[in-house]
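> Position one of the sequence shown corresponds to residue 1 (full-length UniProt numbering), numbered consecutively onward.
Submitted below is the structure of interest, expressed as structure tokens.
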Amino acid sequence: MITNTKLDPIETASVDELQALQTQRLKWTLKHAYENVPMYRRKFDAAGVHPDDFRELSDLRKFPCTTKQDLRDNYPFDTFAVPMEQVVRIHASSGTTGKPTVVGYTQNDMITGPIL
Numbered sequence: 001m002i003t004n005t006k007l008d009p010i011e012t013a014s015v016d017e018l019q020a021l022q023t024q025r026l027k028w029t030l031k032h033a034y035e036n037v038p039m040y041r042r043k044f045d046a047a048g049v050h051p052d053d054f055r056e057l058s059d060l061r062k063f064p065c066t067t068k069q070d071l072r073d074n075y076p077f078d079t080f081a082v083p084m085e086q087v088v089r090i091h092a093s094s095g096t097t098g099k100p101t102v103v104g105y106t107q108n109d110m111i112t113g114p115i116l
């Protein structure tokens, strides 16, 4: 059955509009990670890249990927992007490989997480 439900504008965006939105959001994410997460600052610096080097989606290949080993090596708190005072909940994996993976959640994460 077809309904007359109004779609969110992003649902009908062109490829160019989607890529512009992805670029904008990735720029913000890379900058935020570099400025707030010690592990990412070290990884970006070691790879010789800076968030300002990201201008278009194809530039993403310049940036290092995050591996599970990165998370283990920077255990437990060198991957958090907020001060510990803002962390209201911590989840840790069972650590079947020897060291658990820790994730911290802010109050906002707790509110928006179930929505996502």
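Note that beta-carbon positions come from the ideal geometry of N, C-alpha and C, so glycine has one too.
Please read these numbers as outputs of a predicted model, since none were measured by experiment.
What span of residues does the beta strand (DSSP E) with residue 105 cover, start to end?
Here residue 105 refers to the residue found at position 105 of the sequence shown. Its beta strand (DSSP E) spans residues 102 to 106.
> Considering residue 32, what are the terminal residues of the beta strand (DSSP E) in which it resides?
Here residue 32 refers to the residue found at position 32 when the sequence shown is read from its first residue. Taken as a continuous stretch (DSSP letters only), residue 32 belongs to no beta strand (DSSP E), being part of the alpha helix (DSSP H) at 15 to 36.
> List, from N- to C-terminal side, the alpha helix (DSSP H) runs of 4 residues or more that fit wholly inside the region 45 to 97.
68 to 73
> CB residue 30 to CB residue 51, shorter than 7 Å?
Translated into positions along the sequence shown, residue 30 becomes position 30. Translated into positions along the sequence shown, residue 51 becomes position 51. Pairing residue 30 with residue 51 gives a Cβ-Cβ distance under 7 Å.
> Return the Cβ separation of residue 102 and residue 83 in integer angstroms, given the expectation that the two are a contact with Cβ distance under 8 Å.
Here the question's residue 102 lines up with position 102 in the sequence shown. Here the question's residue 83 lines up with position 83 in the sequence shown. So it is not a contact: roughly 16 Å between Cβ atoms.
> Within 10 angstroms of the Cβ of residue 98, are there 16 or more other Cβ atoms? Answer buried if so, exposed if not.
For the purposes of this step, residue 98 is taken as residue 98 along the sequence shown, with counting starting at 1. Residue 98 is exposed by the Cβ-count criterion.
> Going by C-alpha distance, which of 105, 23 and 96 is nearest residue 90?
What you label residue 90 is simply residue 90 of the sequence shown in a count that begins at 1. When only C-alpha atoms are compared, the closest one is 105.
> If residue 44 sits next to residue 26, beta carbons under 8 Å apart, how far is it from one beta carbon to the other, in whole angstroms?
For the purposes of this step, residue 44 is taken as the residue at position 44 of the sequence shown. For the purposes of this step, residue 26 is taken as the residue at position 26 of the sequence shown. At roughly 13 Å, the Cβ-Cβ gap does not stay under 8 Å, so residue 44 and residue 26 are not in contact.
> By how many angstroms is the C-alpha of residue 78 removed from the C-alpha of residue 66?
Along the sequence shown, one-based indexing puts residue 66 at 66. Along the sequence shown, one-based indexing puts residue 78 at 78. One Cα belongs to residue 66, the other to residue 78, and the distance between them is close to 13 Å.
> Please tell me whether residue 12 has its Cβ less than 7 Å away from any Cβ of chain D.
Protein chain content of the structure displayed is limited to a single chain, and chain D is not contained in it.
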